[in-house]
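Residues 0 to 357, numbered by numbering that gives the first Met the number 0, are exactly what the sequence shown covers, in order.
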Amino acid sequence: MRDRPRTFVRPSLRELQPYTPGEQPKSRSLIKLNTNENPYPPPASVLQALRELPGDRLRRYPDPVALELRETAAALHGCGPEHVIATNGSDELLRLVLTAFVEPGAKVVLPDVTYSLYETLIAIHGATIERVPLRPDFRVDEAIADAPGQLMFLCHPNAPTGLPAEPALVEAVLDRFQGLVAIDEAYADFADYSYVRELPRRRDNVIVMRTLSKSYGLAGMRVGLGFAHPALIEALMAVKDSYNLDVAAQVTATAALRDQAALTDSLTKIKATRARLISALRELGLEPFPSQTNFVFVRTGSRARARGLWEALRADEILVRYFDRPRVDDCLRISVGTDAQIDRLLERLALHLQLQRA
Ligand SMILES: Cc1ncc(COP(=O)(O)O)c(C=O)c1O
């Protein structure tokens, strides 16, 4: 053996900055408001579906095309299963979209700032990034419609800002952008409107992506859904792993989609807590953005203050998300937790702000 192993890593990946997921600590006492998970577990109907899985279903391979899940998702959103693909989290779908529709070396358009995993996946794919800065109010600039690229990731509502992509912007993008538009609706169940029902049936240049990780409280199961014209779905199906979704994921996701009463209940609670969090942050003298998601993005006034609060909360065993990148380095992103978790957060935040100001 040599002192140092030889590197077999592709030269183009040697400098890759891997995606940094939010911390997933083991401690149970910790208040975790850093990865936008649902603070409430999935309903009894979902747990029951999991318990009732016969051993024989585990012995066999899962349905490679997840037909029951796709039919359920299609019925829910007013289309046929030929408009739907089911994936191992929407993260897998992001990767499949690149594989199916972007030539290595081609450009992918992103608003700057948005979900940072897009950048990592684009780099791994060997494509290049065309960034279009957000407007000063953090809305997506309509100039993005004319940016050159084979694909655009447009997150509605955007992460980490929590702001929606408005219909006029989306229509302009779909009319003018030369490539495919991937609308990431990971948080759209928490928003006032969504594009999932209408656009995939009306346009052939769009895919709308959903996840069960946030609104349905199934992050641990890893289920994403894509809605698009059947020709696009066919192209994605052709490049996915044969058995990309395991049996437990298919069964629990189907049960979750069928229990819309439970979804409504969870959304109602989270939106009420979100409203309370936003007004309390304002009362503390901070500047929260008007969120359409299950997190609140809040301006603290300076990078030093944001970092200081993030660290102080961490010492209190409260995790929130801080992004040390230009334009958002004075902000914190706080997931909407249970009422008790948010009470504790606000109490500690008030104290740390007092100390910082003293
Ligand atoms: C904007 C956005 N898209 C996609 C995802 C990935 O979701 P999934 O858990 O389905 O992979 C996330 C998760 O944080 C997200 O914030």
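Just so it is clear, CB atoms sit at the ideal spot from N, CA and C, and this is done for glycine as well.
| Check | Outcome |
| --- | --- |
| Comparing C-alpha positions only, which one of Asp145, Ala142, Gly216 sits nearest to Ala254? | Gly216 |
| Just curious, the alpha helix (DSSP H) that Lys270 is in, first and last residue? | 259-282 |
| Thinking C-alpha only, which one of Thr113, Arg275, Phe322 is nearest Asp342? | Arg275 |
| Would you say the beta carbon of Thr251 is closer than 7 Å to some non-hydrogen atom of ligand 1? | no |
| Would you say the beta carbon of Asn33 comes nearer than 7 Å to a heavy atom of ligand 1? | no |
| Please tell me whether, using a cut-off of 7 Å, the distance from the CB of Gly223 to the nearest non-hydrogen atom of ligand 1 is below it. | yes |
| CB of Tyr215 to nearest heavy atom of ligand 1: below 7 Å? | no |
| Using DSSP with H/G/I as helix, E/B as strand and the rest coil, what is Arg200? | helix |
| I'd like the span of the beta strand (DSSP E) that includes Ala85, first residue to last. | 83-87 |
| Could you pull out every residue in the same chain whose Cβ sits closer than 7 Å to the Cβ of Pro229, ignoring the five residues on either side in sequence? | Glu81, His82 |
| Ordered along the chain, which non-local residues of its own chain (more than five positions away) have a Cβ less than 6 Å from that of Val96? | Ala181 |
| Could you spell out where the alpha helix (DSSP H) holding Met236 opens and where it closes? | 229-238 |
| Kindly indicate which three-state DSSP category Phe296 falls into: helix, strand or coil? | strand |
| Below 7 Å, is the gap between the Cβ of Gly381 and the nearest heavy atom of ligand 1? | Not covered by the structure: residue 381. The range shown for the chain is 0 to 357. |
| Please name the residue in Glu346, Thr210, Asp111 whose C-alpha comes closest to that of Pro325. | Asp111 |
| Could you round the C-beta distance between Pro166 and Pro156 to whole angstroms and report it? I think they count as a contact, below 8 Å. | So it is not a contact: roughly 13 Å between Cβ atoms. |
| Using DSSP's beta-bridge definition, name the partner residues of Met220. | According to DSSP, which records beta bridges pairwise, Met220 is partnered with nothing at all. |
| With hydrogens ignored, establish whether the beta-carbon of Asp245 is closer than 7 Å to any heavy atom of ligand 1. | no |
| Quick one: give me the first and last residue of the alpha helix (DSSP H) that Ala303 is part of. | 302-314 |
| For the alpha helix (DSSP H) containing Pro168, list its first residue and its last residue. | Note that residue 168 corresponds to Leu in the displayed sequence, not to Pro. Residues 166-175. |
| Return the chain-ordered ranges of every alpha helix (DSSP H) run that is complete within the segment 81-125 and spans a minimum of 4 residues. | 88-100, 116-124 |
| Out of Asp90, Tyr242, Leu256, which has the shortest C-alpha to C-alpha gap to Ala74? | Leu256 |
| Could you spell out where the beta strand (DSSP E) holding Asp342 opens and where it closes? | No beta strand (DSSP E) contains Asp342, which is instead part of the alpha helix (DSSP H) from 338-356. |
| Quick check on Thr253: does DSSP put it in helix, strand or coil? | helix |
| With DSSP collapsed to three states, give me the class of Pro10. | helix |
| What are the boundary residues of the beta strand (DSSP E) that includes Val180? | 179-183 |
| Judging by CA-CA distance, which residue of Pro159, Asp136, Leu133, Val108 is the nearest neighbour of Ala126? | Val108 |
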